[in-house]
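Chains as they are written, first to last, in the numbering used here: chain B, 22 to 267; chain C, 22 to 267.
Shown next, in the form of structure tokens:
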């Protein structure tokens, strides 16, 4: 049974300031809860329907420092921030942030001022697909532990490390190549596959800052043949990865 | 002034069956209303704040068979299906559906059972960016005139023609090459840029149907280097266009 105070605490984690105070977040959904457990992430509790818990007893045995708590569907609905609540919800400790400095020999994705939680989750999923193991978020990006972001990662949040840093000083400190996505750069098809470096993606409306564009070693553009003024930021990142990483 | 009956009618167009009955849809937002007018689409009415109407008098002069109607912000909020209502809303006649048969020398995007309105809008925007002028939707796709879809197209709906057809008979009738996106095909990087043909994208969860995959002349795959099980359907379409159309 969950106490009213526990329900209130989990609901409170829908807000960034409460997540930051407690260093915990909530992940919703059958698949992501399974992935968190499989990856050995610090899951503190799983709240799920009785049949879900029965179906996953082996996996739940790995829950060394947490509890598996059966709850009825109406309680799950209360805990959920989504319009369609799930059969399982996990309470998870936030992992520490990664070192923002890009590593030589690795590809890093750096995001400046991404605002939409769904875009952020989709970007994490794209990084995970292409084997990018670290994402650097500028401090004005949407919180990666926003419930909509976690949902949109489709579980990829367990495999990608997140660092936080302003992008400008980072580019000043690193010697790896950097590729800034802009509307006025060189055709992405002109570049061979990159072996290391930083892919830079900017805000949904205004793109990357002038400073970041100026500091990048390359300015890259997805050529346009039609009338759309821009592409969705996550779609653009996907297209760039599809050219530079394959 | 808008009558209660008019307000009710516009609200009713949030539902597919009412849109189909009347062959009209609602487009919300400053930019898309401007694009509809610029493109000479059959706009029947523009409902906007007085200052919006004043700012766009030249454009509104093109509104030959419709009316520009000033409404107060609270009324716009009533008309809107979005949580953040806009300063302008247009009532538009649906254009007739295009002929589904792909044209020789052109690239067509064919969508099977796309369910998410946001994905559908993003796919239309991607097509418009890459100069694809026609999209074929299977009958079980989400309605393209869903308000969230229209919103996600960011205006591209005015430049892309939409056809509706089951995909299997279409592939049986056409001689142009077809590229089916699947998890078990040939690396997209192996293909030269395509000059004509059909790019086939399937449902968000289950992908393309077996029949469509079997009938396609090529089965294509975005190689995966990390742990994500799949990519978002619109992101996958973007990546494929970024390889096959540049």
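Positions of the beta carbon are idealized from the N, C-alpha and C atoms, including for glycine.
Since the model is a prediction, treat every value here as computed from it, not as a measurement.
| Item | Value |
| --- | --- |
| Within chain C, the residues that residue 149 of chain B reaches when beta carbons sit closer than 8 Å | 247, 248, 249 |
| Own chain residues within Cβ distance below 7 Å of residue 71 of chain B, not counting five before or after | 91 |
| Any beta strand (DSSP E) of 3 or more consecutive residues that is wholly inside the segment 27-92 of chain C | 45-49, 64-69, 88-91 |
| C-beta neighbour in chain C for residue 129 of chain B, strict 7 Å | no |
| Counted within 10 angstroms of its Cβ, other Cβ atoms place residue 10 of chain C as buried (16 or more) or exposed | One cannot answer for residue 10 of chain C here, as it falls past the ends of chain C, which runs 22 to 267. |
| Chain-ordered residues of the segment 162-177 of chain C with a beta carbon less than 9 Å from chain B | 173, 174, 175, 176, 177 |
| Reduced DSSP secondary structure (H/G/I, E/B, other) of residue 11 of chain C | The shown model of chain C, from 22 to 267, leaves out residue 11 of chain C, and the question about it has no answer. |
| The segment 144-164 of chain C in contact with the segment 243-251 of chain C per 3-pair CB rule at 8 Å | no |
| Delimiting residues of the alpha helix (DSSP H) encompassing residue 262 of chain C | 254-265 |
| With 16 other Cβ atoms within 10 Å as the buried cut-off, status of residue 226 of chain B | exposed |
| Residue 203 of chain C: first and last residue of the uninterrupted beta strand (DSSP E) it sits in | 199-208 |
| is_contact[residue 226 of chain C, chain B] using C-beta, thresh 7 Å | no |
| CB contact below 7 Å: residue 152 of chain C versus chain B | yes |
| Nearest to residue 84 of chain B (by Cα), restricted to the options B/94, B/65, B/69, B/93 | B/65 |
| Cβ shell of residue 93 of chain C (< 8 Å), same chain only, five flanking positions each side left out | 70 |
| Contact check, residue 51 of chain C vs residue 109 of chain C, beta carbons under 7 Å | yes |
| Helix, strand or coil at residue 216 of chain C according to DSSP, with G and I counted as helix | coil |
| Backbone CA spacing between residue 62 of chain B and residue 179 of chain B [nearest angstrom] | 7 Å |
| Best match in B/37, B/44, B/257, B/213 for proximity to residue 115 of chain B [C-alpha to C-alpha] | B/44 |
| Residue interval of the alpha helix (DSSP H) (run including residue 245 of chain C) | Taken as a continuous stretch (DSSP letters only), residue 245 of chain C belongs to no alpha helix (DSSP H), as it is neither H nor E. |
| Exposure label - residue 26 of chain B; buried when at least 16 CB within 10 Å | exposed |
| Whole-angstrom C-beta distance between residue 137 of chain B and residue 163 of chain B, which should lie under 8 Å | 7 Å |
| Those runs of the beta strand (DSSP E) which lie wholly inside the segment 101-172 of chain C and span at least 3 residues | 109-114, 128-132, 155-158 |
| Residue-chain proximity (residue 143 of chain B, chain C), Cβ-Cβ < 7 Å | yes |
| Where the beta strand (DSSP E) containing residue 183 of chain B begins and where it ends | 182-185 |
| Chain-ordered chain C contacts of residue 113 of chain B [CB-CB under 9 Å] | Ordered by position in chain C, no residue passes the 9 Å Cβ test against residue 113 of chain B, which lies about 18 Å from the chain. |
| Backbone secondary structure at residue 192 of chain C - three-state DSSP | helix |
| Candidates C/49, C/48, C/34, of which the one nearest residue 42 of chain C by Cα | C/34 |
| Residues sharing a beta bridge with residue 228 of chain C, DSSP | C/224 |
| Buried/exposed call for residue 172 of chain C, threshold 16 Cβ in 10 Å | buried |
| Which residues DSSP lists as bridging residue 241 of chain B, in chain order | B/207 |
| Buried or exposed by the 16-neighbour rule on C-beta atoms within 10 Å, applied to residue 190 of chain C | exposed |
| Where residue 23 of chain B falls: helix, strand or coil (DSSP) | coil |
| Nearest-angstrom Cα separation, counted from residue 57 of chain B out to residue 177 of chain B | 10 Å |
| 7 Å Cβ cut-off: residues of chain B touching residue 123 of chain C | Neighbours of residue 123 of chain C on chain B: none; closest Cβ ~17 Å, over 7 Å. |
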